[in-house]
Each structure stands twice: as structure tokens, then as C-alpha cells.
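Counting from 2, one number per residue, gives the positions in the sequence shown under our numbering.
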Amino acid sequence: MACIATVRGLEVDSHVPVLLEQVLRGLAVRADGFYVDATFGRGGHSRAILGQLGAGGRLMALDRDPDAVAEGRRLEAADGRFSIEQERFGQLRRIVESQGVKGAVDGIVFDLGVSSPQLDSAQRGFSFQSDGPLDMRMDPAASPSAAEWLNSAPEREIAQVLRRFGDEPDAGRIARAIGARRARRPLATTGDLVAVVGETVHRPPTGRHPATRVFQAIRIFINRELDELDAGLAQALEVLKIGGRLCVISFHSLEDRIAKRFMRDRSRIDPALASLPVVPASAQPTMRLVGGAAHAGETEVAANARARSAVLRVAEKIA
Ligand SMILES: C[S@@+](CC[C@H](N)C(=O)[O-])C[C@H]1O[C@@H](n2cnc3c(N)ncnc32)[C@H](O)[C@@H]1O
């Protein structure tokens with residue numbers, strides 16, 4: 002995962018890509034193809050794709066995080082086949098159209114969630130393990146930050162978010178405790194939020210930090226991650242060419258459910274219309290599943306803990 006490599010005690014801004022071989026197989030990279038990496042991160046998947054492209058191939062990447070894009074700019078300067086935009090993947094269609102390749106994309110990969118540098122930098126506020134500003138925005142220019150939202154949203158809304166995106170059993174109690182805490186002094190740091198959760202949740206130890214679900218839920222909400230995924234997948238299907246491949250790596254069940262249903266629903270005849278004597282073209286499948294859900298093997302999980310929860314799904318556009 003999510004491991005920052007340490008070289009002689011210095012932290013190196015790095016991210017180990019998960020399921021790399023499986024993604025390359027899933028994309029079935031053609032040397033002269035046009036590919037999109039919708040989640041550049043630190044470019045692990047991008048570099049591997051470039052490694053399989055010839056001189057005529059191209060790779061376009063997106064990331065909403067300016068630090069990721071700064072890394073991508075270095076790759077752009079070094080490799081003329083690569084370009085990157087700071088954009089949400091909910092804008093995929095517009096960006097692809099601007100490159101003049103709508104309907105001509107050979108493959109798209111989404112490696113969802115946060116990168117190791119995002120998690121490991123206390124300043125970004127994603128982690129309950131290090132104290133920093135309570136931020137959690139992938140794009141720090143977007144608003145609100147986690148602190149702005151937690152200090153102003155109705156307690157009922159906070160409880161709903163914790164339940165919906167974190168499946169947090171103590172959502173109501175934690176939301177009330179946040180309300181009581183901010184009435185005394187606004188929450189400002191990840192440590193403030195960890196303390197509120199720690200004082201409120203008294204579950205038997207499970208091996209998971211009690212703030213895990215709370216941080217996941219707030220991060221998903223603040224970055225509108227599931228709405229982005231819905232939009233990104235729909236637009237990916239539009240911009241792919243027939244025969245183009247879609248690869249999605251998810252890290253929790255909310256994401257995986259969206260990817261799984263998206264691919265399943267498009268790879269079968271619409272059940273509501275399947276019994277008609279003549280099935281209309283609009284109800285015919287537009288995708289075909291390529292294999293089932295793929296998981297990391299023991300060796301990868303041993304080397305990269307983040308790979309444990311990774312699930313890859315692949316589908317091909319057929320119509
Ligand atoms: C798991 S990391 C990708 C790591 C990358 N595959 C690598 O090998 O380095 C996910 C990246 O996607 C970005 N991201 C997440 N949601 C996004 C969205 N809706 N639009 C654009 N980028 C997004 C994050 O900022 C993060 O850099």
C-alpha cells in the first residue's frame with residue numbers, strides 16, 4: 002500500500018501500485034493505443050502502461066490532487082507520449098473530447114481511493130494515525146474541508162454520513178459528541194476528531210482503530226467519491242471504443258458494489274425487457290465481463306498491505 006518508502010531515514014513520496022500485472026492484462030495494452038489513467042497518484046500504473054506502449058501510443062492521466070499532478074508534470078516533460086490534467090474523473094468525457102479521441106480510447110483504469118502520499122502526509126488530514134489539520138480534501142482548492150463541514154453541518158447529517166459511508170454503528174452518538182465538542186471549541190485537527198471518537202466509542206477491541214470507519218466516511222463524503230465514481234464509469238463507457246477495456250480497482254464494498262453493478266448491468270440484456278419477443282437494441286448488452294473479481298495474491302499482500310482489500314474488475318465495451 003500505502004507505504005512510504007524510507008531511504009536512510011528520509012521519507013520518499015511514493016506509492017506502490019496494486020494488482021499491476023492484472024491491470025496490464027485487463028487493459029490488453031496495444032502498442033499504438035490511446036489509454037487513460039483516471040487516477041494518476043504517483044504514476045505506478047501509468048509508468049507500467051507506458052512501458053508497454055510503442056512510439057505511437059499515448060497515455061492521458063487525470064488526478065484531482067495538485068501534488069499528484071506535479072509528479073505527473075515531471076513525467077510529461079520526460080515522455081512525449083504522456084499528458085496529465087488536474088481534473089476530477091467526473092470530467093472525463095470533457096477532457097477526452099478536448100483531445101479529440103472520444104469513442105477512440107483503448108482502455109481506462111481507475112485505481113480508487115487515496116494514495117500513500119495522501120495518507121501519509123499529516124498535512125493532508127486523511128489519517129487518524131498522525132495529527133494534522135482536519136482537511137481530507139484530495140483537491141485542497143475544493144470546499145468544504147472536513148473541519149469546515151464537521152463544525153457547521155447538522156448533527157443529523159453527520160450521523161447519516163457516518164452510517165452511509167462508514168457503516169458506523171455508533172454514528173448517532175459520535176455525531177452528538179461532535180456537536181458537543183464544537184460548541185465548546187471547533188474541531189481543528191485529526192487529533193481532535195480521534196479524541197472525540199475515542200471518548201465516545203467503547204466497543205471491545207477488534208484490531209481496527211475505532212476511528213477507521215469515521216475517517217473513511219468523512220473522506221468519501223467530502224470528496225463526493227461515490228458520485229464521482231458513478232459519473233466516471235458512465236463517461237468511461239462513452240469514450241471507450243468498441244473493444245476498449247475498463248479496469249476498476251476498489252478498496253471497500255461501497256466502491257466495489259458500484260463497479261460490479263455497473264459492469265453487470267451493462268453486460269446482460271435489461272431484465273425488464275428480456276422477455277419481449279424482440280429485444281430492442283437499447284436493451285442489448287454494451288459490455289462483456291472479462292473474468293471475475295481479481296484479488297492480490299499472498300506475495301503481493303505480504304509486500305503491500307493495501308493490496309489486501311483491493312478488488313479489480315474488468316469489462317470490455319462491445320456496443
Ligand atoms: C490509489 S491512488 C492511485 C495510485 C496510482 N494508481 C499509482 O500507481 O500511483 C488514487 C488517486 O486518485 C485520485 N483521485 C481519487 N478520486 C479522484 C477523482 N474523482 N478524480 C480524479 N482523481 C481522483 C487521488 O487523488 C489519488 O491520487
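Don't be surprised by glycine CBs; every beta carbon is placed ideally from N, CA and C.
| field | Inter-stretch contact (C-beta, 8 Å, three-pair minimum) for the segment 35 to 48 and the segment 97 to 107 | value | yes
| task | Would you decide whether V13 is buried or exposed? Buried here means 16 or more other CB atoms lie within 10 Å of its CB. | result | Sequence index remark: in the sequence shown, residue 13 carries index 12 (1-based). A caution first: V13 carries a pLDDT of 43, below 50, which makes its placement in the model unreliable, though a value can still be read off. Looking at its Cβ environment, which holds fewer than 16 other Cβ atoms inside 10 Å, V13 is exposed.
| message | I'd like the list of long-range same chain contacts for I159, defined as Cβ closer than 7 Å, with 5 residues on each side in sequence excluded. | response | Start at 1 with the first residue of the sequence shown, and residue 159 comes out as number 158. Closer than 7 Å at Cβ, skipping near neighbours: L151, A176 and I179.
| What residue range is occupied by the uninterrupted alpha helix (DSSP H) comprising Q119? | Here residue 119 refers to the residue found at position 118 when the sequence shown is read from its first residue. Element bounds for Q119: S117 to D121.
| query | Regarding G42 and ligand 1, is the C-beta to nearest heavy atom distance less than 6 Å? | reply | Taking the sequence shown and counting its residues from 1, one reaches residue 42 at position 41. Yes.
| task | Could you spell out the range, first to last residue, of the alpha helix (DSSP H) harbouring A176? | result | Sequence index remark: in the sequence shown, residue 176 carries index 175 (1-based). A176 -> alpha helix (DSSP H) spans A172 to R185.
| query | Under 6 Å from any heavy atom of ligand 1, does the C-beta of A69 make it? | reply | Translated into the one-based positions of the sequence shown, residue 69 becomes position 68. Yes, ligand 1 has a heavy atom inside 6 Å of this Cβ.
| task | Return the chain-ordered list of same chain residues with a C-beta closer than 6 Å to the C-beta of L21, the five sequence neighbours on each side being excluded. | result | Locating residue 21 in the sequence shown gives position 20, where the first residue counts as 1. Answer for L21: A49, listed in chain order.
| query | Going by beta carbon distance, what residues of the same chain come within less than 7 Å of V8, once the five residues before and after it are set aside? | reply | Position 7 of the sequence shown, counting from 1, holds the residue named residue 8. In this predicted model, V8 has a pLDDT of only 32, less than 50, meaning its place in the structure is not dependable; the value taken from the coordinates is given anyway. Closer than 7 Å at Cβ, skipping near neighbours: no residue.
| Taking the alpha carbon of G133 as the point to measure from, which residue in A143, V102, L120 and P145 has its own alpha carbon closest? | Along the sequence shown, one-based indexing puts residue 133 at 132. If we check each option's Cα against that of G133, L120 comes out closest.
| said: At the level of alpha carbons, what is the spacing between A78 and A295? | reply: Position 77 of the sequence shown, counting from 1, holds the residue named residue 78. Position 294 of the sequence shown, counting from 1, holds the residue named residue 295. Near 34 Å, if we compare the C-alpha coordinates of A295 and A78.
| field | G114 CB to nearest heavy atom of ligand 1 below 6 Å | value | One-based indexing of the sequence shown puts residue 114 at position 113. Under cutoff, so the answer is yes.
| said: Any heavy atom of ligand 1 inside 6 Å of the beta-carbon of E299? | reply: The residue labelled residue 299 in the question sits at position 298 within the sequence shown. No, Cβ of E299 sits at least 6 Å from all heavy atoms of ligand 1.
| said: By alpha-carbon positions, which one of P211, Q87, R74 and T40 ends up nearest to G114? | reply: The sequence position of residue 114 within the sequence shown is 113, counting from 1. Answer by Cα proximity: T40.
| In whole angstroms, what is the alpha-carbon distance linking V280 and V240? | Start at 1 with the first residue of the sequence shown, and residue 280 comes out as number 279. Start at 1 with the first residue of the sequence shown, and residue 240 comes out as number 239. For V280 and V240, the distance between alpha carbons rounds to 25 Å.
| Rounded to a whole number of angstroms, what is the C-alpha to C-alpha distance between V291 and R75? | The residue you call residue 291 lines up with position 290 of the sequence shown. The residue you call residue 75 lines up with position 74 of the sequence shown. Going by the C-alpha atoms only, they are around 34 Å apart.
| request: Check each candidate in G55, A142 and A284 and name the one with the smallest Cα separation from K87. | output: Translated into the one-based positions of the sequence shown, residue 87 becomes position 86. The sequence shown places Gln at residue 87, rather than the Lys named in the question. It is A142.
| query | Is the beta carbon of H16 less than 7 Å from the beta carbon of G42? | reply | What you label residue 16 is simply residue 15 of the sequence shown in a count that begins at 1. What you label residue 42 is simply residue 41 of the sequence shown in a count that begins at 1. Taking 7 Å as the Cβ cut-off, H16 and G42 qualify as a contacting pair.
| Got a sec? Which residues, its chain only, sit under 6 Å from V202 by beta carbon, not counting five neighbours each side? | Reading the sequence shown from its first residue, position 201 is the one you call residue 202. Result list for V202: D171 and P211, in chain order.
| If we call anything under 7 Å between Cβ atoms a contact, is T287 one with A320? | Here residue 287 refers to the residue found at position 286 of the sequence shown. Here residue 320 refers to the residue found at position 319 of the sequence shown. Yes, the Cβ-Cβ distance between T287 and A320 is below 7 Å.
| query | Under a Cβ-count criterion, where at least 16 other Cβ atoms within 10 Å of its own Cβ denotes burial, should S116 be classed as buried or exposed? | reply | Taking the sequence shown and counting its residues from 1, one reaches residue 116 at position 115. S116 is buried by the Cβ-count criterion.
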